[in-house]
Structure formats: C-alpha cells, structure tokens
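Here's the structure we're looking at; comments come further down.
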Amino acid sequence: MSNLDPFTQQIIRNYLFSTTEEMIQTTVLTAYSPTFSEGFDFSCALFDRSGKMVIQSRGVGVHLGSLVGAMQAMVAKFPEPVSGDVFITNNPYLGTHQSDVIVARPIFCEAQHVGFAVNIGHWTDIGGMSAGGCAGTSTHVVQDGLIIPLSRLFRAGVLVEETRDFILANVRLPEDDWGDLMSQLSATAIAEQRIQSLAERYGVDAVIDGMSASIDYSRARFLAKMQEVPDGVYEAVDYIEDDGLSDARYPIQVKVTKSPEGFLIDFEGSAPQAPTPVNATFTSARASAYAAIVAIVDPATPVNAGIFDLIEMRAPERSIVNAAWPAPVYGCTFEMAKRVPETILKAFADKVPERVAAGSHASGNNLAGRAVDPKTGEDLVWYNYYEGGQGATTAADGNDAVYFWGETSHNQPIEVWEHKYQVLVERYGLRDGSGGNGKHKGGRGTVHEYKLLQDHYLSGLGDRHRVAPWGLSGGEPGAPNRWTLRRDGITKDLAEWYGLKSPSKFYNIHLQKDDVLIIETGGGGGYGKSEAA
880 MSNLDPFTQQ
890 IIRNYLFSTT
900 EEMIQTTVLT
910 AYSPTFSEGF
920 DFSCALFDRS
930 GKMVIQSRGV
940 GVHLGSLVGA
950 MQAMVAKFPE
960 PVSGDVFITN
970 NPYLGTHQSD
980 VIVARPIFCE
990 AQHVGFAVNI
1000 GHWTDIGGMS
1010 AGGCAGTSTH
1020 VVQDGLIIPL
1030 SRLFRAGVLV
1040 EETRDFILAN
1050 VRLPEDDWGD
1060 LMSQLSATAI
1070 AEQRIQSLAE
1080 RYGVDAVIDG
1090 MSASIDYSRA
1100 RFLAKMQEVP
1110 DGVYEAVDYI
1120 EDDGLSDARY
1130 PIQVKVTKSP
1140 EGFLIDFEGS
1150 APQAPTPVNA
1160 TFTSARASAY
1170 AAIVAIVDPA
1180 TPVNAGIFDL
1190 IEMRAPERSI
1200 VNAAWPAPVY
1210 GCTFEMAKRV
1220 PETILKAFAD
1230 KVPERVAAGS
1240 HASGNNLAGR
1250 AVDPKTGEDL
1260 VWYNYYEGGQ
1270 GATTAADGND
1280 AVYFWGETSH
1290 NQPIEVWEHK
1300 YQVLVERYGL
1310 RDGSGGNGKH
1320 KGGRGTVHEY
1330 KLLQDHYLSG
1340 LGDRHRVAPW
1350 GLSGGEPGAP
1360 NRWTLRRDGI
1370 TKDLAEWYGL
1380 KSPSKFYNIH
1390 LQKDDVLIIE
1400 TGGGGGYGKS
1410 EAA
C-alpha cells in the first residue's frame, strides 16, 4: 500500500511517462540511422530496481513486453550495479531477435539505486549471413547475427572498450551502429537526470513508492476492466504459411482461459520449432500475447508489471512459440509478433466481436538490401519494413496504410532513402482493391516501387503471401502481400524470377541495376456481409 496521496501518485505516474517520451525524442534527435531517426524502430521504458516494468513509452509492442525476460536476467547477473554502469545485450532467447539491442542504465538518486532506464532498438546491421538481417532461410541462430551476452558497456562511468570493440568488429556498419548506440545511451542518461530531478522535489522514497504505486494502479484498473470480458475458454488456430525451404505450414494453436483472476494463454498443439527463422522465443511470444490481451481488455491502461501479473502463458518447449538453441528466431518480431496476437484476437472474435478486428496484412514484409556506393566503394546497407491494411471492426472500416496495431513505427521518407541509398522511388501509394469487402471494408495496403541505381543483393523475411488476412463475421479476406520485380518491361513474382521455394523468405538474391523492386502490402479483412451481397 502506497504512503503517497492519490494526487502525488498521479503526478509521479505522469512524470514517469513523460520521461519515457523524452527518451524517445532524445533517441530520434541524436540517432545516426534512418531506422531510428525516421522509422522509430526502438522503444523506451523504466523499470524498478528489482527489474519490474514501471512504465513504457509508445513503441513497438514486442520490444516492450520482451524486455521483461531480459531485465530479470540482467538483474540476476548484475545484482549490485554502481552509478555510471551501463549494460547491454541482444541475446534473442532473453528478448527478441539479435538486431534489437537492449541498453539498460541503473538510475541512482542520492547514491541509492531506484531503477533502470532502458532503450531497445533495431540496429541496421548486426552481422550474420545477410547484410541488414532478414535472411529468410537461415538455419542456425548464429547465422542471424552477432549475439551479445549480458555485458557491461560502461563500468562506473568508464567505457569498457573491449565490449565496444568486440561488437563493432562484428558488424558491417560500425559507424551507423555506434551512432545509434550513442543515441540509446543519451536517452537513458536523460532519463536518469529526470528521475534525479523528481527525487530532488519529492524525495527518493517517494520516487520508489511512486513506481510501486504505478504498478499497483495498472493492476487494479486492468483487473476491474477485465471483468467486462466474459469468463470462458476461447480457441483459434492460424498459420505461418511456409518456412522458406518447403511448403510446410506451421500451425499456431491457442487456447485462452479467462477467469475473474486473469488470463491463461496455452499454445499446446502448436507446431514444433521450424528449421528457419520463423520461430518465436518464449519472451517474444509472451510479449505478443500481452499486447493482444491489453488490446482486448483496455488499451488505455498504462502497461507494466501490474498487467503482466494477470496474464500467464504456457508454450511447449522447442515449439514455434518457444524455440530453443540453435533455432533461428530472427522473424520473431517480424511475423510471430503479428501472428500470435492476431490468433488470440481471432479466438475472441465469435464471442466478443466488438473487441477485435478482422485480420490485417500482419507481416513486417521485411527486406534488407546491400549495394556498393559508386563514389566510395563502401557497402550501402538498408533495411525496411512496411505498413499495410488494418482489419475492419464492428464499428468502422479498417485503416489504410498503417503499421501493425501493436506498433507506432513511422514510414521512412522518400527523400532520405534517395539521398542515402542507391534507389529511386518511382511510386509510393495506396494499393486499391486490397481491402476485403464487407459491411465495413478492410483497410488498403500500400505499393512501393524502387528503381535500383546499382546492383543489389536482397534478403527477405515475410509472410501472409499465401494465406490471406481473414475476414470477420462474413467479411471477405484482404489481399495478401506480394513482392514482384520488373526487368526489361517484364513483371513477375520474385519467386518466379529466381526459382524460390517461398515468395517471402529468401537470402541474398542478386538484383540488377535498373530493376524495379515492387512491394505490395496486404489489405485488411472485411467485417460483416456487404449490403450489395
């Protein structure tokens, strides 16, 4: 029970949230790569000194929920941090995939450890077999990129040069990655300064108490709101459509048991882990499940450990939702972070349709390209993921051209791309007809056309190219995602051009100068039968 009055609790809670928002702005303004500065592919959060999440920023849902496992491991390994320490890791089995690098700074106020400021962000390159990641046919986790174990990056304010040098020696873009890492460090430093200012005004004990009260508030509010969802068992299945090596489908089977005390999410019956990077780690799958339950119950509740305490997840070991070494898991934030929550929403669709949406494009449509700068001879590496159509609901059409509903990423401006990379953007617009018909129509996807100004090597990791986004209550499915290539006036699917086993999972195919790469993202499913029908 908090010793603070309700007004002070609210002031501190809002201050903590505004601190994470300032962390976002600091990252954007000091970042080096467009992935951070334009795409906002990073997230920020504050944790208490025991490693419990207190508040999170707007960001990528799977980033924030997955920090739970990583921070618990970090606290266990470094139980007595000192002022000026900074820790770093990208261990995919503690968080998400290797490109998502976690930076955690212990916060000290008047020599007392009160919590952690944490920034997790997607580095443009993390080494591995594919420049920029996205090797859709990797078969071992080490092929996906460098793994940074739980490590000290700064010890009492002094850079651990061996840690830095080891990391930068194993990536293709050391300048970009170091620049983005510095932006992450700056964000956590700003957070510590802000919490110290809060402590100067209210006292250190009040800050610690306010963090605990924030967790209690979310737990109490969420517990009350979840009583509006009927108790019972909710079940559904969806699929990863292939693994890049074969046409095998991988079912994601979910059973959600809702009781007055909370939610039990059980993935018994889901496929064994795949040989390629379509797997999820337990932490990333659990983060995606958190996002789905929050969306169903009350998206307005501040997300933290208070909510997580009410959601239990079980998953078979060495399954597609709980992969173990050496299974590659690079797609856990790309595909499984969409498929897991949408399967949970699908489970609730029949009984509480007003709380869910139809299926969306639900793929990162992730592509990474490498070319050579004709002026310098240096590698130019780009990575991007794309917006698409959102599913319709009982109340409205789906949104056009948005990122998946668990994310707040931004599209990267054409001007930046044309300045930094060897591409000319010939088209960027809505994909007409891609939304599923119904009483309410699914949102439309987008079309991107890149004319390549130099030869490129391209890797891809996507899904929903074969299995279309599902409609709801009689609504029609949305159009699936599609990647094509126009060469010498002829347009064909990438899979047809290159004899690929999958239309969306491949590694290092050679595209020629003047080719036009066309990325068409899927539309959302419709809701209800259309009046015309």
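Take 880 as the starting number for the sequence shown in our numbering and just add one per residue.
In this text, a Cβ means the ideal position worked out from N, Cα and C, and glycines have one as well.
Only a predicted model underlies this, so the values are computations on that prediction, with no experimental measurement involved.
Within its own chain, the residues whose Cβ lies closer than 6 Å to the Cβ of N1158, once the five positions on either side in sequence are excluded, are Q1152, I1199, A1202, A1206 and V1208, listed in chain order. A distance below 8 Å between beta-carbons, with the five flanking residues on each side excluded, links D1177 to the following residues of its chain, in chain order: R1100, F1101, K1104 and M1105.
In the structure shown, R1051 adopts coil according to DSSP, grouped into three states.
Of the candidates D1088, A1127, D1095 and T1136, T1136 places its Cα closest to the Cα of G1111. Pairing D1279 with I1087, the inter-Cα distance amounts to about 43 Å.
Its chain contains P913 and E917 as the residues whose beta carbon lies nearer than 6 Å to that of V1295, once the 5 sequence neighbours on both sides are disregarded; these appear in chain order. Here C988 really is in contact with V1083; their C-beta atoms are around 5 Å apart, less than 8 Å. In the structure shown, the three-state DSSP call for P885 is helix.
Residue state for T1003 is assigned as coil, using DSSP reduced to three classes. In the DSSP assignment, H1298 falls within the alpha helix (DSSP H) that extends over I1293 to K1299. M902 sits close to A1066, with the two beta carbons spaced by under 8 Å.
The alpha-carbon of F995 is positioned some 12 Å away from that of V947. For S1338, the pairing in a beta bridge is given by DSSP as A1247. For E1120, the secondary structure class from DSSP, reduced to helix, strand or coil, is coil. The C-beta of D1229 has fewer than 16 other C-beta atoms within 10 Å across all chains shown, which makes the residue exposed. In the structure shown, the three-state DSSP call for V1108 is coil. Per DSSP, reduced to three states, the secondary structure at R937 is coil, with no helix or strand assignment. In the DSSP assignment, G1308 falls within the beta strand (DSSP E) that extends over V1302 to R1310. The Cβ atoms of I986 and S1093 do not sit closer than 8 Å to each other. Partner residues in a beta bridge of T1255, as assigned by DSSP, do not exist. Ranked by Cα distance from A1250, the first of L1390, V1182 and E1147 is L1390.
The alpha-carbon separation between F1045 and V1039 amounts to approximately 10 Å.
In terms of CA proximity to V980, N969 leads the group A990, N969 and G974. Inter-segment contact for the stretch 1368 to 1376 and the stretch 1246 to 1260 is absent: fewer than three beta-carbon pairs are separated by less than 8 Å. In this chain, P985 is not harboured by any alpha helix (DSSP H); it is covered by the beta strand (DSSP E) spanning D979 to C988. Apart from the 5 residues on each side of it in sequence, L1189 sits with its Cβ closer than 8 Å to the Cβ of R1098, F1101, L1102, M1105, E1140, G1141 and F1142 in its chain, given in chain order. In the three-state scheme derived from DSSP, where H, G and I count as helix and E and B as strand, N1278 is classed as coil. According to DSSP, residue pairing for N1201 in a beta bridge involves S1198. Here the alpha carbons of F966 and L895 stand approximately 21 Å from one another. C-alpha of R1073 to C-alpha of G1000: approximately 21 Å in a straight line. Within the stretch 1368 to 1411, complete beta strand (DSSP E) segments of at least 3 residues are found at 1369 to 1372, 1384 to 1390 and 1395 to 1399, given in chain order.
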